[in-house]
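Participant: Read the sequence shown against numbering that gives the first Met the number 0 and you will find it ends at 501, with the numbers running on by one and no gaps. All C-beta atoms in this analysis are idealised placements derived from N, C-alpha and C, irrespective of residue type, glycine included. Please read all numbers here as calculations on a predicted model, not as lab measurements. After the structure tokens below, expect a handful of questions from me.
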Amino acid sequence: MRFTSLIIELIRARPRLVVWLVVLLQAALWLILPLLLYRSPPGDLATVLAFGREYQVGTDLGPPLAFWLADIAFRAAGNHMFGVYLLAQICSIAMFWALYLLARAVVGGQQAVLAVLLTMTVAAFSSPGAEFGPLVLARPLWALLLLHSWQLIGQGRRNAWFAWSIEAGLLLLTTSAAIGLLLLLAGFALANARGRRMLMSFDPLFALLVIVVLALPYLVWLIRADVLALPQWPTIPDLSGRALHWATLLGGLLLAISGILLLVLLNSGWFARNPEEAPIIYRPPVDPLARDFVYFFAIGPALVGSLISGLFDLDRVVGGAGIALLMSGLAAIVATGDLVHLRRHRVLRSAWAAAILAPALAVIATTLFLPWTGSGEVATSLPAIAIARFFDTSFERRTNQRLRAVTGDAQLATLITLDARRPHLFLDAAPERTPWLTLAKFNETGGVVVWRASDTIGTPPADIVRRFPGLVPEVPRVFEPLITGRQPLLRIGWAIVRPKTP
């Protein structure tokens with residue numbers, strides 16, 4: 000009698016149940032882990048919240064939607080990071096569900112599960128688990144756009160135009176890469192007869208009107224801020240360095256899909272002892288246009304995004320690796336064929352689980368063991384709540400007013416803005432980045448200036464003294480990280496700028 004595991008039978012009989020189980024388990028993992036281990040927000044999340052509380056139509060960080068949603072989630076959770084972590088996982092769940100619906104329309108429900116499972120290994124390495132921001136919010140919007148684009152182009156469902164227009168407008172309010180992604184969609188639609196036929200109606204005009212209405216405030220801000228300019232083109236001597244940078248970005252994308260490559264290698268016939276006994280996951284024949292659609296959006300965003308980033312020397316792939324590699328799992332399934340043989344499925348399960356858990360184990364190791372093995376600071380171990388409360392109460396005791404603004408060291412200042420009273424962030428070294436405050440306004444309303452103290456006296460750095468002459472430093476405050484280990488204690492120098500108005 001041939002034995003088939005329960006998981007494979009569930010994939011065959013209840014594919015939607017399998018998708019919900021694995022997606023919810025991964026979301027729960029990345030919701031619980033930061034709540035247990037992080038005493039400070041990861042990455043740039045504190046900056047996202049500091050900018051979001053100002054509700055600017057646009058900033059140098061890009062379109063505003065992700066920043067607004069982060070602040071709303073933070074306030075809804077009682078000024079607790081739980082709301083923002085939960086929002087990040089909601090985005091992850093929405094992305095995978097939209098991808099499953101798209102994959103089901105292309106390869107059927109059973110193989111759509113495999114596409115989601117493969118994509119989860121990519122998302123684990125290429126996208127932040129709890130660091131909500133534009134890159135995280137753009138992923139579900141892009142997945143929904145691809146889903147409704149296929150419904151329009153491949154299935155001729157005109158009722159998808161309204162949802163498509165809403166998602167396109169929201170994507171424009173989320174990431175600066177939205178224009179390029181929409182151009183890719185338009186290019187694919189124009190490149191085939193069914194897409195051109197879909198565009199020969201009044202529906203695209205109404206969709207364009209909705210998009211313009213949604214994105215108009217940000218477009219007006221772009222024009223008024225005079226930031227509509229391309230980066231500087233590289234010179235001839237710089238091209239070799241830019242080409243090397245492009246190769247590095249492509250290498251990073253290949254590393255992110257290493258989980259897919261490993262699973263495909265383990266599932267190949269080279270390692271199978273009895274290939275005739277391997278369980279099979281079947282699908283109906285794939286529409287040739289659907290095959291082109293999947294391959295185009297599996298290769299196009301990654302290739303174009305990395306090329307632009309390499310050409311203009313950007314830090315990451317345009318749009319983020321999560322968007323660039325969103326269709327990679329589905330592309331692997333489409334390329335496999337109508338019959339997917341799951342050889343050595345127990346080994347496949349173990350390898351998939353290891354790929355999913357590896358980033359979480361890396362976070363645990365970084366938090367618990369890195370302080371004992373190195374002297375580098377673990378940013379998520381800094382006691383953000385204790386830091387914020389100390390400076391808020393200290394300012395109120397000395398001035399009898401609540402703390403309204405904080406400046407100085409950017410990392411420390413953003414942590415203090417997480418206090419329940421939410422003081423404003425002022426970047427004194429680059430005041431144009433925080434237009435809601437000026438140096439004159441900061442000196443008028445008062446606030447706290449912070450820096451990393453290098454001595455027990457708390458001598459401020461020269462650049463801070465130059466911008467705030469007459470600053471009287473207080474006794475530095477020492478804070479302990481979550482795990483001290485071999486790390487030095489965090490010594491924060493600070494001074495109060497007293498308000499000039501009652």
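Within the segment 199 to 230, note down every full alpha helix (DSSP H) run reaching 4 residues or more, in order along the chain.
Facilitator: 202 to 224
Participant: Name the DSSP beta bridge partners of W450, please?
Facilitator: Per the DSSP secondary-structure output, W450 pairs in a beta bridge with G492.
Participant: Locate the beta strand (DSSP E) running through A404, then write down its first and last residues.
Facilitator: 404 to 407
Participant: DSSP three-state call for P236: helix, strand or coil?
Facilitator: helix
Participant: Would you identify the three-state DSSP class for F368, choosing helix, strand or coil?
Facilitator: coil
Participant: If you check the beta carbons only, do T483 and P370 fall under 8 Å apart?
Facilitator: Yes. Within cutoff.
Participant: Beta carbon of I152, beta carbon of M197: below 8 Å?
Facilitator: yes
Participant: Please classify N399 as buried or exposed, where buried requires at least 16 other C-beta atoms within 10 Å of its C-beta.
Facilitator: exposed
Participant: From G445, A142, G82, pick the residue whose C-alpha is nearest to that of F131; which is it?
Facilitator: G82
Participant: Whole angstroms are fine: how far does the CA of F187 sit from the CA of L36?
Facilitator: As the crow flies, the alpha-carbon of L36 is around 44 Å from that of F187.
Participant: Could you check which residue in L170, A224, S239, A190 has the C-alpha nearest to that of V209?
Facilitator: L170
Participant: At what residue ranges does the segment 42 to 75 contain a whole run of the alpha helix (DSSP H), taking only runs of 4 or more?
Facilitator: 44 to 51, 64 to 75
Participant: If I measure Cβ to Cβ from L181 and keep anything under 7 Å in the same chain, skipping five residues before and after, which residues do I get?
Facilitator: Scanning its chain for C-beta atoms nearer than 7 Å, with the 5 sequence neighbours on each side dropped, one finds around L181 the residues A167, in chain order.
Participant: Please confirm whether A104 and S164 have their CB atoms less than 8 Å apart.
Facilitator: no
Participant: Beta-carbon within less than 6 Å of P33's beta-carbon, same chain only, minus the 5 sequence neighbours each way: which residues are those?
Facilitator: Y84, A129
Participant: Have a look at the DSSP bridge pairing and note the partners of P472.
Facilitator: A494
Participant: For H340, which of helix, strand or coil comes out of DSSP?
Facilitator: strand
Participant: If distances are taken between C-alpha atoms only, which option among V333, L367, L140 comes closest to G321?
Facilitator: L140
Participant: By Cβ distance, which residues of its chain are closer than 6 Å to L183, with the 5 residues on each side in sequence left out?
Facilitator: Same-chain partners within the cutoff: G299.
Participant: Closest by CA to Q231, which one among P41, D312, F441?
Facilitator: D312
Participant: Can you name, in chain order, every residue of its own chain whose Cβ lies under 6 Å from the Cβ of W220, other than the five neighbours on each side?
Facilitator: Cβ contact annotation for W220 (same chain, cutoff 6 Å, sequence separation greater than five): V56, G57, in chain order.
Participant: Quick test of your reading: V447 and L488, contact by CB under 8 Å. State the CB separation rounded to the nearest angstrom.
Facilitator: Contact between V447 and L488 is absent: CB atoms are separated by about 20 Å, not below the 8 Å threshold.
Participant: Take every Cβ of the segment 373 to 382, pair it with every Cβ of the segment 18 to 32, and state whether three or more of those distances are shorter than 8 Å.
Facilitator: no
Participant: Just to confirm, are L260 and L347 a CB contact at a threshold of 8 Å?
Facilitator: no
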